[in-house]
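Participant: Chains as they are written, first to last, in the numbering used here: chain A, 6 to 396; chain B, 6 to 396. Glycine included, C-beta positions come from ideal geometry on N, C-alpha and C. If you scroll down you'll find the structure; I have some questions about it.
Number of protein chains: 2
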Amino acid sequence: MREVAIAGVAMTRFGVSEKTCIEMFCEAACRALEESKLEPKNIEALFLGNCLGDFEEGQAHMAAHVHTALGLPMGSPALRFENACATATVAIRQAALLVGSGVYDVILAGGTERVAAMDTPLATRTFAMASHSGYSAPTGITFPGVFAMAAHMYAGKYNIDIRELQECMAHVSVKNHFHAAMNPKAQFQKEISVQKVLDGFMVADPLHFLDCCPFSDGASAVVITTKQKALQMTDKPVFIIGTGQAAGGPVINNPDMTRIKPREVAAAQAYKQAGVTPFEIDLCELHDCFTIAEILAIEGLGFYEFGKGYDAAKNGETRLGSKKTIINPSGGLKAKGHPIGATGAAQVTEIVEQLRGLSGKRQVKGAKTGFVDTLGGEFGTVCNLILRSHP
Amino acid sequence: MREVAIAGVAMTRFGVSEKTCIEMFCEAACRALEESKLEPKNIEALFLGNCLGDFEEGQAHMAAHVHTALGLPMGSPALRFENACATATVAIRQAALLVGSGVYDVILAGGTERVAAMDTPLATRTFAMASHSGYSAPTGITFPGVFAMAAHMYAGKYNIDIRELQECMAHVSVKNHFHAAMNPKAQFQKEISVQKVLDGFMVADPLHFLDCCPFSDGASAVVITTKQKALQMTDKPVFIIGTGQAAGGPVINNPDMTRIKPREVAAAQAYKQAGVTPFEIDLCELHDCFTIAEILAIEGLGFYEFGKGYDAAKNGETRLGSKKTIINPSGGLKAKGHPIGATGAAQVTEIVEQLRGLSGKRQVKGAKTGFVDTLGGEFGTVCNLILRSHP
């Protein structure tokens, strides 16, 4: 395998957009190309992540239309990927595999999504299509319910009072809002308090409103290339030194929801390939669709022992300035926003900018090695990437 | 690149099914695995094509659920691809690239789709989401309209009376039904007459009802592996000796609809890689979503000069028994059926069985080299594969 590098990254501001998925992706892609000193003619393939384009704007087959809008060469294929919330990470990992193995030299990858125009009940029901339509959907469960169950199981398994867990989860939300307040691309750029989280209405017990990520519009694009070419495009390439992807679910097959097994398998693949341990990860963008999901993730990725990560945010260990692994310096899905098919690419964008030292007030000092974790569906897909700065 | 082989193929009977997309794909996949003497634990990745699972049965993130249903190893990733009607061919091509480049040794690829339960207006509108939602959809055009325009442009450009072209198109339908009548997996296993086509109601002038492919349910699965491993699985491996994929569209960018440029680019890639010319292709499964589409395809793929392919079916040149390239021996999309996300894998299945000499009454005698052509959307994606029998 050749060494694989990221030459350019970009994302739209997440939030509510008047633009179409195609327009948003083009905005991000043009900036990623500019940052890589590339023109459309240099792109050898387009790997586009999108989940709900057909539902939200009647647009399937989106990769071909993005291809045309960007003016890519006809002989460069355009592909659409969909793996629920892990969509863009999967697209980027495929690009890394194909550049690493010598099939392509330059791939434009990423994702785009419009969700914010749907009202909450419709969006919640629409997202639930990523669950199993035969086993899960008939129970009426949606994703807040899945993660609410996981929170109760977590409290029960580790004998934690549910009110204590709620307070710890609130600290996750507060920490991620604190980070997002320094991120000009975040949907919510303001701090909140633990009390405000706990005073919020209950979405699915024990999850309050501010334990839940928002519905967001946005896009993000990443240029993936060889080390050699990346060094011609930028003096700050970032290297993809390990990847992993695993599949599992549905929840019915996973009676212990405190352990998301595909994550453990995918992360092990990535750590092994990269030759690093969790203790060497300076920062991590991970899948905090709900606050409990961040707690499960920091344990599943090996930053904390199982049952020991719940109070990490409360103790300030995952917050900017800590000496441990900084979790979601972008603000995470919770506060940066979660345009599902774009999320993985935005996580990569954050890590790349951090490893380049370009993250301004929220810069993780001395960051050299970063981790990307994206979870799709009811634990059905986990995709992980480990990135490292140019020495 | 390592030599890439197909070890096993299977498809459900196309038509109307009571099964879900997941169930249909599992039916095909289990038979493809059996044919390859493989167990689920041997599969290193699942590349699943599906277009409308979310619309038709509320099932997104389908690859993960198929992965679980088949009992694949957790560490084997499951990915969903969507490129309109070219979906499964794109998934198979990606599998071929990743096996060829040494990333994986054994990939299960293919596609699945349910469409037949939708009534015709809804299905037609749903399919039209593959067109550009900004430029094409607002005009009200659907795919019968796109290909009807192409037929009129063809008649005008080459100065052919539209009634003569209609008769020639009818011969395409008659020929494909003739082939399908010998295919136990085909949706329509009966012959029709030219007069019956011409007497059918007009769907979109000049296309009659029997110029149009049906809406179909179905699935098809293909095991892609290295030459070395394939020879352990079967004494009749089939090799993928060339692939191509290109992107273009929407129609607004393609004023001459008689030339589908992405097809010419993709086919050139595939011919070049395979080192063969169109004259060496014994048989071809191509994208006859409408009869005019077959005429455009046999020209675009180089079997006929532009403007010269319209009467090939009428002259019996593309029919079983001809000495020229046999077109759509399976019955094609027209008569075998067109479950969109499964179509490309079924085309591959037909070519593989033909190259193994297992096609019974519809066997193309002495077939050694076959071609797969799948078109997605309003000319937005074309994916081509060239397959060759084991010497």
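(1) Should residue 400/B and residue 248/B be called a contact, given that it needs their Cβ atoms to be closer than 7 Å?
(2) Cα separation between residue 208/B and residue 165/B?
(3) In terms of residues, what are the limits of the beta strand (DSSP E) holding residue 118/B?
(4) Of all the CB atoms in chain A, is at least one closer than 7 Å to the CB of residue 21/B?
(5) With distances taken from CA atoms, which of 340/B, 241/B, 155/B is nearest residue 197/B?
(6) My output table needs one value for residue 239/B: the three-state DSSP class, helix, strand or coil.
(7) For residue 130/A, report the span of its alpha helix (DSSP H) as first-last.
(8) When you compare only the Cα positions, how much space is there between residue 237/A and residue 49/A?
(9) So what's residue 343/B in DSSP terms, helix, strand or just coil?
(10) Express the C-alpha separation of residue 203/A and residue 158/A in angstroms, rounding to a whole number.
(11) Which same chain residues, not among the five before or five after residue 225/B, have their C-beta less than 6 Å away from its C-beta?
(12) Based on the DSSP secondary-structure assignment, which residues constitute the bridge partners of residue 387/A?
(13) I'd like the list of long-range same chain contacts for residue 271/B, defined as Cβ closer than 7 Å, with 5 residues on each side in sequence excluded.
(14) What residue range is occupied by the uninterrupted beta strand (DSSP E) comprising residue 11/B?
(15) Once DSSP output is grouped into helix, strand and coil, what is the label at residue 222/A?
(16) Could you tell me which residues DSSP pairs with residue 228/A in its beta bridges?
(17) Taking 7 Å as the threshold (C-beta atoms), are residue 187/A and residue 329/A in contact?
(18) Under a CB-based cut-off of 7 Å, is residue 89/B close to chain A?
(19) Considering only C-alpha positions, which residue in the set 182/A, 265/A, 29/A is nearest to residue 332/A?
(20) Is any beta-carbon of chain A found at less than 7 Å from that of residue 352/B?
(21) Run through DSSP, which three-state label would residue 187/A get?
(22) Since residue 83/A is in the beta strand (DSSP E), which residue starts that stretch and which ends it?
(23) Between residue 374/A and residue 297/A, how many whole angstroms is the CB-CB distance? I'm expecting something under 8 Å.
(24) Under 8 Å by Cβ, that's how I've got residue 359/B and residue 301/B pegged, so tell me the actual separation to the nearest angstrom.
(25) Along the stretch 45-60 of chain B, what residues have a CB closer than 9 Å to any CB found in chain A?
(26) By the DSSP assignment, the beta strand (DSSP E) with residue 208/B in it spans what residues?
(27) Under the assumption that residue 258/A contacts residue 85/B (Cβ atoms under 8 Å), give the Cβ distance between them as a whole number of angstroms.
(28) Does residue 294/B come out as helix, strand or coil in the three-state DSSP assignment?
(29) Please report the Cβ distance between residue 110/A and residue 218/A, rounded to the nearest whole angstrom; I am assuming they are in contact, meaning their Cβ atoms lie under 8 Å.
(30) How is the beta strand (DSSP E) around residue 51/B delimited, first residue to last?
(31) List, in chain order, every chain A residue whose beta-carbon is nearer than 9 Å to that of residue 267/B.
(32) Buried or exposed for residue 363/A, going by 16 or more other Cβ atoms inside 10 Å?
(33) Under 8 Å Cβ to Cβ from residue 242/B, same chain only, skipping five residues before and after it: list those, please.
(34) Among 127/A, 227/A, 392/A, whose alpha-carbon lies nearest the alpha-carbon of residue 54/A?
(35) Give the range of the alpha helix (DSSP H) segment to which residue 152/A is assigned.
(36) Here's a check: name, in chain order, each residue in its chain whose Cβ is nearer than 6 Å to the Cβ of residue 71/A, leaving out the five neighbours to either side.
Facilitator: With the given structure in hand:
(1) Since the displayed chain B opens at 6 and closes at 396, residue 400/B lies outside it and no answer follows.
(2) Here residue 208/B refers to the residue found at position 203 of the second sequence. Here residue 165/B refers to the residue found at position 160 of the second sequence. Residue 208/B and residue 165/B: Cα-Cα distance of roughly 21 Å.
(3) The residue you call residue 118/B lines up with position 113 of the second sequence. First-last of the beta strand (DSSP E) with residue 118/B: 111-118.
(4) Translated into positions along the second sequence, residue 21/B becomes position 16. Answer no: the Cβ-Cβ gap between residue 21/B and chain A never drops below 7 Å.
(5) Locating residue 197/B in the second sequence gives position 192, counting from the first residue. Taking only the C-alpha atoms, the option nearest residue 197/B is 340/B.
(6) Position 234 of the second sequence, counting from 1, holds the residue named residue 239/B. Residue 239/B falls in the coil class under three-state DSSP.
(7) Walking along the first sequence from the start, residue 130/A turns up at place 125. Per DSSP, residue 130/A belongs to the alpha helix (DSSP H) from 125-132.
(8) For the purposes of this step, residue 237/A is identified with residue 232 of the first sequence, where counting begins at 1. For the purposes of this step, residue 49/A is identified with residue 44 of the first sequence, where counting begins at 1. So the two alpha carbons sit approximately 17 Å from each other.
(9) The residue you call residue 343/B lines up with position 338 of the second sequence. Three-state result, residue 343/B: coil.
(10) On the first sequence, residue 158/A is found 153 positions in, with the first residue counted as 1. On the first sequence, residue 203/A is found 198 positions in, with the first residue counted as 1. Taking the straight line joining both Cα atoms gives about 20 Å.
(11) The residue you call residue 225/B lines up with position 220 of the second sequence. Excluding sequence neighbours, residue 225/B sits near 16, 33, 115, 347, 350, 351, 354.
(12) As a working mapping, residue 387/A is identified with position 382 in the first sequence. According to DSSP, residue 387/A bridges with 251/A, 380/A.
(13) Residue mapping note: residue 271/B aligns to position 266 of the second sequence, counting from 1. Answer for residue 271/B: 249, 250, 251, 387, 388, 389, listed in chain order.
(14) Counting from 1 along the second sequence, the entry for residue 11/B is found at position 6. Element bounds for residue 11/B: 9-16.
(15) Taking the first sequence and counting its residues from 1, the one referred to as residue 222/A is at position 217. Correct three-state label for residue 222/A: strand.
(16) As a working note, residue 228/A is residue 223 in the first sequence. Answer is 13/A, 113/A, bridged to residue 228/A.
(17) Taking the first residue of the first sequence as 1, we reach residue 329/A at position 324. Taking the first residue of the first sequence as 1, we reach residue 187/A at position 182. Against a cut-off of 7 Å, the Cβ pair of residue 187/A and residue 329/A comes out as no contact.
(18) Your numbering for residue 89/B matches position 84 in the second sequence. True, the Cβ-Cβ gap to chain A drops below 7 Å.
(19) Reading the first sequence from its first residue, position 327 is the one you call residue 332/A. It is 182/A.
(20) Looking up residue 352/B in the second sequence gives position 347. By this cut-off, residue 352/B is not an interface position.
(21) The residue given as residue 187/A occupies position 182 in the first sequence. In the structure shown, residue 187/A sits in coil (DSSP, three-state: anything other than H, G, I, E or B).
(22) Taking the first sequence and counting its residues from 1, one reaches residue 83/A at position 78. That run of the beta strand (DSSP E) goes 83-87.
(23) To locate residue 374/A, count along the first sequence from 1; it is residue 369. To locate residue 297/A, count along the first sequence from 1; it is residue 292. 26 Å between Cβ atoms; not a contact.
(24) Residue numbering aside, residue 359/B sits at position 354 when the second sequence is read from its first letter. Residue numbering aside, residue 301/B sits at position 296 when the second sequence is read from its first letter. Wrong, their Cβ atoms sit about 23 Å apart, outside the cutoff.
(25) 50, 51, 55, 56, 57, 58, 59, 60
(26) The residue given as residue 208/B occupies position 203 in the second sequence. Residue 208/B -> beta strand (DSSP E) spans 207-209.
(27) The count along the first sequence starts at 1 and reaches residue 258/A at position 253. The count along the second sequence starts at 1 and reaches residue 85/B at position 80. Rounded, the Cβ-Cβ distance is 19 Å, inconsistent with contact.
(28) In the second sequence, the residue the question calls residue 294/B occupies position 289. It is coil, neither helix nor strand.
(29) Here residue 110/A refers to the residue found at position 105 of the first sequence. Here residue 218/A refers to the residue found at position 213 of the first sequence. Not confirmed; about 36 Å, so no contact.
(30) The sequence position of residue 51/B within the second sequence is 46, counting from 1. Residue 51/B -> beta strand (DSSP E) spans 50-54.
(31) For this step, residue 267/B is matched to residue 262 along the second sequence. Those within 9 Å of residue 267/B in chain A are 69, 79, 80.
(32) As a first step, residue 363/A is located in the first sequence; it is residue number 358 there, counting from the start. It is exposed - the Cβ of residue 363/A has fewer than 16 other Cβ atoms within 10 Å.
(33) For the purposes of this step, residue 242/B is identified with residue 237 of the second sequence, where counting begins at 1. The answer, listed in chain order, is 10, 11, 12, 232, 235, 236, 395.
(34) In the first sequence, the residue the question calls residue 54/A occupies position 49. Ranking 127/A, 227/A, 392/A by Cα distance to residue 54/A puts 227/A first.
(35) For the purposes of this step, residue 152/A is taken as the residue at position 147 of the first sequence. Note, residue 152/A: alpha helix (DSSP H), 148-162.
(36) As a working mapping, residue 71/A is identified with position 66 in the first sequence. So the qualifying residues of the chain are 27, 30, 53.
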